[in-house]
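A.B. asks:
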Amino acid sequence: MLLTTTPYKITQKEKLAPETYLFRVEKSGKNKKKTDKKNNEKLNYEPGQFYEVSVAGFGEAPISVCSYSDEFIEFNIRDVGEVTHAVVNLNEGDELWLRGPYGTHYPMKEMLGKSLVIIGGGTGMAPLRGVIKYVEKHRADYDRVHLFIGFRSPDAIIFKKDIELWNRIFDLHLTVDKADADYKGKVGLVTKIVEESGLSADNQEAIICGPPAMIKFTVMALEKLGFSHSQIFISHERRMKCGVGMCGHCMISGIYVCKDGPVFRYDQIKNLHE
Amino acid sequence: MGKVLEKKRLKEFLKKVSKGKDLIAPVKKGTLRFEIVEDLNDICLEGRPLFPIKKFFSPAKQDLMKLNLADKKKPFEEEKIRIKPRVIFGARLCDFNGLLRLDKLFNSKEYQEDYYKAARENTLLLGINCIPAPSKYCFCESMSLEKYYDLFFHDLGDKYYIEAGSPKGEALIMNLEDYDFSIPDIKCDKKLDKKDLAQYYDNPAWSTENDKCLSCGKCTAHCTTCLCFDVFDELEANAKIGKRFKEWDSCQFLNFTLVAGGGIFRKDRLPRFKHRIYHKLQYFREKFGFDMCTGCGRCIEACPRLIDFTEVINNFK
Numbered sequence: 102m103l104l105t106t107t108p109y110k111i112t113q114k115e116k117l118a119p120e121t122y123l124f125r126v127e128k129s130g131k132n133k134k135k136t137d138k139k140n141n142e143k144l145n146y147e148p149g150q151f152y153e154v155s156v157a158g159f160g161e162a163p164i165s166v167c168s169y170s171d172e173f174i175e176f177n178i179r180d181v182g183e184v185t186h187a188v189v190n191l192n193e194g195d196e197l198w199l200r201g202p203y204g205t206h207y208p209m210k211e212m213l214g215k216s217l218v219i220i221g222g223g224t225g226m227a228p229l230r231g232v233i234k235y236v237e238k239h240r241a242d243y244d245r246v247h248l249f250i251g252f253r254s255p256d257a258i259i260f261k262k263d264i265e266l267w268n269r270i271f272d273l274h275l276t277v278d279k280a281d282a283d284y285k286g287k288v289g290l291v292t293k294i295v296e297e298s299g300l301s302a303d304n305q306e307a308i309i310c311g312p313p314a315m316i317k318f319t320v321m322a323l324e325k326l327g328f329s330h331s332q333i334f335i336s337h338e339r340r341m342k343c344g345v346g347m348c349g350h351c352m353i354s355g356i357y358v359c360k361d362g363p364v365f366r367y368d369q370i371k372n373l374h375e
Numbered sequence: 043m044g045k046v047l048e049k050k051r052l053k054e055f056l057k058k059v060s061k062g063k064d065l066i067a068p069v070k071k072g073t074l075r076f077e078i079v080e081d082l083n084d085i086c087l088e089g090r091p092l093f094p095i096k097k098f099f100s101p102a103k104q105d106l107m108k109l110n111l112a113d114k115k116k117p118f119e120e121e122k123i124r125i126k127p128r129v130i131f132g133a134r135l136c137d138f139n140g141l142l143r144l145d146k147l148f149n150s151k152e153y154q155e156d157y158y159k160a161a162r163e164n165t166l167l168l169g170i171n172c173i174p175a176p177s178k179y180c181f182c183e184s185m186s187l188e189k190y191y192d193l194f195f196h197d198l199g200d201k202y203y204i205e206a207g208s209p210k211g212e213a214l215i216m217n218l219e220d221y222d223f224s225i226p227d228i229k230c231d232k233k234l235d236k237k238d239l240a241q242y243y244d245n246p247a248w249s250t251e252n253d254k255c256l257s258c259g260k261c262t263a264h265c266t267t268c269l270c271f272d273v274f275d276e277l278e279a280n281a282k283i284g285k286r287f288k289e290w291d292s293c294q295f296l297n298f299t300l301v302a303g304g305g306i307f308r309k310d311r312l313p314r315f316k317h318r319i320y321h322k323l324q325y326f327r328e329k330f331g332f333d334m335c336t337g338c339g340r341c342i343e344a345c346p347r348l349i350d351f352t353e354v355i356n357n358f359k
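Residue numbers (my numbering), protein chains in the order written: chain H, 102 to 375; chain R, 43 to 359.
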């Protein structure tokens, strides 16, 4: 059936920032048994993919996974729309209905041995958290890992606990666009911090996720550092209503972002017509 | 070699082939529309209905699930799909070629939409040839349509020459008299001068037609192959029960590309207009090797401003 959705149990809910929550869900009840029989009880998703998250009476919305695990899925839910508003009103023990995973993922296995530059802006950090969790588990597979993370203000910072850890194990640059004078951290656009980093493009792969304007300027910053477009991977935001390439909403130049993306290598999509 | 049927025996023939099935044909009640035929005398083969047959394969509004918010364990109950077998009579080659295109989206190897698939499997396609072309906006002659049908009727004055395009079709006309005839190709006044559109994307000529656009979405509603849809949840006044349904949407609407937070990726009409035309004539072709447009001309005829994309393309130098 078109848009068949299955229940998952909410096992953790954590407030990350104003109006922003981290939800962890696991397979539940019938759903778990059914998959057990098929001997396929583990979850199978990759960083960069998304699920269609559903609340009866409110609708469905595409949400990126922000975890990497075969036991659970985590979603960063920001209360900005009808569906996300209904989701943030759910609690541990409630059921969340999902379809997925859908879409392409960041090609982590093709980046073996490379240094990674991971650049995120705001809620765009959600899919990148999945990438970084992957790297944590496969640390030996990669060379150096540089994180550039930007938020619009200090109170918009999400994944604080993760950031503390990443600061110890990776080369991390956290910045906010604007802050009061008493803010001790770095202030400035993340694109600028990338540009000033002086990173060499040799043996690097860049992974970007954020608002369209942030992606555009980050690509320009990377160009200045000598990166070629084939070294850059981005995730496109579009209205992925069905997730299976039928409803038409996410199409750009004949490409379905839900199926052919949302993760793209930049040189393959830079010349698309909106 | 095909068969022949005297016109006075048509009703009897249609009655026989549609026994136990719904018969769908152009019916003249006010405007000419494809409808389930209640009285065989209502069938009208003059002109072609401005609304295509797609609604019988993917309805304008289709319930997907019943919602019951009180039942926490099972808030969704999927609607069962029931398609009564049907016979479509009196549709044209452009209509049936539209189905070949929609098959790529709704009934591919990769993904089958159950309603569409069931509707396709349960529908016999009885077409009629367009001599002469039924509308001055028709340009299917330029679109290399396939001879795709179960049966195809050609008007010979007092009788129809009928050709089968499938074993199912052959079985329907087995008992009719053999007849030797060769169906002529459809001729249209209007032409589409096909070009590689990639080089014309930034051509200012698009604006001259686009400037008339009202973003009303009639072009996509009438298109043989436009089936973009949105999905909604709707609750009754008690806010406990309701339904999830899909409904046709249009890429010509401002909010088609709206995302959470208010971002809209095609804010201006011009990229929306070009998106429609490029999808029909370039993007789809790149993927599947043939155009999505079938040249039915309905988008031009239905447009309140008679916006004609063929003029734009034909005039590109």
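Where a beta carbon is used, it is the ideal one built from N, C-alpha and C, also for glycine.
Computed from a prediction, not measured in an experiment: that's the story for all the values here.
List the residues of chain H whose Cβ lies closer than 8 angstroms to the Cβ of residue 273 of chain R, in chain order.
C.D. replies: To locate residue 273 of chain R, count along the second sequence from 1; it is residue 231. Correct list: 104, 160, 161, 342, 343 and 348.
A.B. asks: For residue 102 of chain R and residue 125 of chain R, which I take to be in contact (beta-carbon distance under 8 angstroms), what is that distance rounded to the nearest angstrom?
C.D. replies: Residue numbering aside, residue 102 of chain R sits at position 60 when the second sequence is read from its first letter. Residue numbering aside, residue 125 of chain R sits at position 83 when the second sequence is read from its first letter. So it is not a contact: roughly 16 angstroms between Cβ atoms.
A.B. asks: For residue 166 of chain R, which of R:63, R:261 and R:335 has the nearest alpha-carbon?
C.D. replies: Taking the first residue of the second sequence as 1, we reach residue 166 of chain R at position 124. Looking at the Cα atoms, R:63 is the closest of the given residues.
A.B. asks: Could you round the C-beta distance between residue 104 of chain R and residue 157 of chain R to whole angstroms and report it? I think they count as a contact, below 8 angstroms.
C.D. replies: Counting from one through the second sequence, the residue named residue 104 of chain R turns up at place 62. Counting from one through the second sequence, the residue named residue 157 of chain R turns up at place 115. That belief holds up - the Cβ atoms of residue 104 of chain R and residue 157 of chain R are roughly 6 angstroms apart, short of 8 angstroms.
A.B. asks: If we ignore side chains and look at the alpha-carbon of each, how far apart do residue 227 of chain R and residue 210 of chain R end up?
C.D. replies: Locating residue 227 of chain R in the second sequence gives position 185, where the first residue counts as 1. Locating residue 210 of chain R in the second sequence gives position 168, where the first residue counts as 1. One C-alpha to the other measures close to 23 angstroms.
A.B. asks: The alpha helix (DSSP H) that contains residue 186 of chain H, what's its start and end?
C.D. replies: For the purposes of this step, residue 186 of chain H is taken as residue 85 along the first sequence, with counting starting at 1. Run containing residue 186 of chain H: 183-189, per the alpha helix (DSSP H) assignment.
A.B. asks: Would residue 188 of chain R pass as a contact of residue 139 of chain R if the rule is Cβ separation under 9 angstroms?
C.D. replies: Position 146 of the second sequence, counted from the first residue, corresponds to residue 188 of chain R. Position 97 of the second sequence, counted from the first residue, corresponds to residue 139 of chain R. Going by C-beta atoms, residue 188 of chain R is nearer than 9 angstroms to residue 139 of chain R.
A.B. asks: 9 angstroms is my cut-off, CB to CB: does residue 292 of chain H come that close to chain R?
C.D. replies: As a working mapping, residue 292 of chain H is identified with position 191 in the first sequence. By this cut-off, residue 292 of chain H is not an interface position.
A.B. asks: For residue 115 of chain H, which residues in the same chain have their Cβ closer than 6 angstroms to its Cβ, ignoring the five residues on either side in sequence?
C.D. replies: Here residue 115 of chain H refers to the residue found at position 14 of the first sequence. If we look at residue 115 of chain H and ignore the five residues flanking it on each side, its Cβ neighbours are 123.
A.B. asks: Can you give me the start and stop residues for the alpha helix (DSSP H) that residue 329 of chain R sits inside?
C.D. replies: The residue given as residue 329 of chain R occupies position 287 in the second sequence. Unbroken alpha helix (DSSP H) run through residue 329 of chain R: 326-330.
A.B. asks: In this structure, how does DSSP classify residue 203 of chain R when only helix, strand and coil are distinguished?
C.D. replies: Walking along the second sequence from the start, residue 203 of chain R turns up at place 161. In this structure, residue 203 of chain R counts as strand in the three-state DSSP scheme.
A.B. asks: Express the C-alpha separation of residue 117 of chain R and residue 137 of chain H in angstroms, rounding to a whole number.
C.D. replies: Along the first sequence, one-based indexing puts residue 137 of chain H at 36. Along the second sequence, one-based indexing puts residue 117 of chain R at 75. The predicted position of residue 137 of chain H is uncertain, since its pLDDT is 47 and thus under 50; no value can be drawn from it.
A.B. asks: State the Cα-Cα distance for the pair residue 157 of chain H and residue 112 of chain R, rounded to the nearest angstrom.
C.D. replies: By 1-based counting over the first sequence, the position of residue 157 of chain H is 56. By 1-based counting over the second sequence, the position of residue 112 of chain R is 70. Taking the straight line joining both Cα atoms gives about 10 angstroms.
A.B. asks: Select from the segment 218-239 of chain H all residues with a C-beta closer than 7 angstroms to any C-beta belonging to chain R, and list them in chain order.
C.D. replies: For the segment 218-239 of chain H, which is checked against every Cβ of chain R, not one residue is closer than 7 angstroms.
A.B. asks: Counting only beta-carbon separations shorter than 9 angstroms, does residue 257 of chain H have a partner in chain R?
C.D. replies: Numbered from 1 along the first sequence, position 156 holds the residue referred to as residue 257 of chain H. Cβ-Cβ to chain R under 9 angstroms: no for residue 257 of chain H.
A.B. asks: With 9 angstroms as the threshold, decide whether the Cβ of residue 316 of chain R is near any Cβ in chain H.
C.D. replies: The sequence position of residue 316 of chain R within the second sequence is 274, counting from 1. Residue 316 of chain R counts as touching chain H.
A.B. asks: Let me confirm a value: residue 280 of chain R is counted as buried when at least 16 other C-beta atoms fall within 10 Å, else exposed. Which label applies?
C.D. replies: Within the second sequence, residue 280 of chain R is the residue found at index 238, counting from 1. When all chains shown are included, residue 280 of chain R counts as exposed.
A.B. asks: Could you have a look at residue 170 of chain R and say whether DSSP puts it in helix, strand or coil?
C.D. replies: Mapped onto the second sequence, residue 170 of chain R falls at position 128. Strand.
A.B. asks: Can you find a CB in chain R that lies within less than 9 angstroms of the CB of residue 182 of chain H?
C.D. replies: As a first step, residue 182 of chain H must be located in the first sequence, where it is residue number 81. Yes, residue 182 of chain H lies at the interface with chain R (some Cβ there is under 9 angstroms from its Cβ).
A.B. asks: Mind listing the chain H neighbours of residue 308 of chain R? Cutoff is C-beta to C-beta under 8 angstroms, in chain order.
C.D. replies: As a working note, residue 308 of chain R is residue 266 in the second sequence. By Cβ distance, chain H contributes 375.
A.B. asks: Helix, strand or coil: which one does DSSP assign to residue 316 of chain H?
C.D. replies: Translated into positions along the first sequence, residue 316 of chain H becomes position 215. Reduced to three states, the DSSP call for residue 316 of chain H is helix.
A.B. asks: Helix, strand or coil: which one does DSSP assign to residue 196 of chain R?
C.D. replies: Reading the second sequence from its first residue, position 154 is the one you call residue 196 of chain R. Here residue 196 of chain R sits in strand by DSSP.
A.B. asks: Quick one: grab the DSSP three-state call for residue 184 of chain R.
C.D. replies: Residue 184 of chain R sits at position 142 when you count from the first residue of the second sequence. Three-state DSSP puts residue 184 of chain R in a helix.
A.B. asks: Identify, in the order they occur along the chain, each residue of the same chain with its Cβ nearer than 6 angstroms to the Cβ of residue 230 of chain H, setting aside the five sequence neighbours on each side.
C.D. replies: Counted from its first residue, the first sequence places residue 230 of chain H at position 129. Closer than 6 angstroms at the Cβ level, and outside the excluded window around residue 230 of chain H, lie 167 and 260.
A.B. asks: Does any residue of chain R bring its CB to less than 9 angstroms from the CB of residue 278 of chain H?
C.D. replies: Reading the first sequence from its first residue, position 177 is the one you call residue 278 of chain H. For residue 278 of chain H, the answer is no, since every Cβ of chain R falls outside 9 angstroms of its Cβ.
A.B. asks: Ignoring anything shorter than 4 residues, give me the alpha helix (DSSP H) runs that lie fully in the segment 221-289 of chain H, in order along the chain.
C.D. replies: Whole alpha helix (DSSP H) segments, 4+ residues: 226-238 and 261-270.
A.B. asks: Compute every distance between the C-beta of residue 328 of chain R and the non-hydrogen atoms of the ligand ATP, then say whether any falls below 8 angstroms.
C.D. replies: For the structure depicted, the ligand ATP is absent and the ligand set is empty, with no information on it obtainable.
A.B. asks: What ranges does the alpha helix (DSSP H) occupy inside the segment 306-365 of chain H, keeping only unbroken runs of at least 4 residues that lie completely in it?
C.D. replies: For the segment 306-365 of chain H, whole alpha helix (DSSP H) runs of length 4 or above, ordered along the chain, are 313-325.
A.B. asks: Give the DSSP-derived three-state secondary structure of residue 155 of chain H in the structure shown.
C.D. replies: As a working note, residue 155 of chain H is residue 54 in the first sequence. Looking at residue 155 of chain H - three-state DSSP - the assignment turns out to be strand.
A.B. asks: Verify whether the separation of the beta carbon atoms of residue 154 of chain H and residue 117 of chain H is less than 9 angstroms.
C.D. replies: On the first sequence, residue 154 of chain H is found 53 positions in, with the first residue counted as 1. On the first sequence, residue 117 of chain H is found 16 positions in, with the first residue counted as 1. No, they are not a contact pair.
A.B. asks: Classify residue 298 of chain R as helix, strand or coil using the three-state DSSP reduction.
C.D. replies: Here residue 298 of chain R refers to the residue found at position 256 of the second sequence. The answer is helix: DSSP assigns residue 298 of chain R an H, G or I state.
A.B. asks: Answer yes if the segment 247-266 of chain R comes into contact with the segment 73-88 of chain R, meaning at least three C-beta pairs across the two stretches below 8 angstroms, and no otherwise.
C.D. replies: The segment 73-88 of chain R vs the segment 247-266 of chain R: no contact.
A.B. asks: Would you kindly work out how many angstroms separate the C-alpha atoms of residue 99 of chain R and residue 267 of chain R, rounded to a whole number?
C.D. replies: Position 57 of the second sequence holds residue 99 of chain R. Position 225 of the second sequence holds residue 267 of chain R. So the two alpha carbons sit approximately 11 angstroms from each other.
A.B. asks: Under DSSP, the beta strand (DSSP E) around residue 312 of chain R begins and ends at which residues?
C.D. replies: Working through the second sequence from its first residue, we reach residue 312 of chain R at position 270. Counting along the chain, residue 312 of chain R falls outside any beta strand (DSSP E), though it belongs to the alpha helix (DSSP H) covering 311-320.
A.B. asks: So, for residue 121 of chain H: in the same chain, excluding its five sequence neighbours on each side, which residues have a beta-carbon less than 6 angstroms away from its beta-carbon?
C.D. replies: Residue 121 of chain H sits at position 20 when you count from the first residue of the first sequence. The answer, listed in chain order, is 179 and 259.
A.B. asks: Cα-Cα, which of R:121, R:82 and R:61 is closest to residue 103 of chain H?
C.D. replies: For the purposes of this step, residue 103 of chain H is taken as residue 2 along the first sequence, with counting starting at 1. Nearest option by C-alpha distance: R:121.
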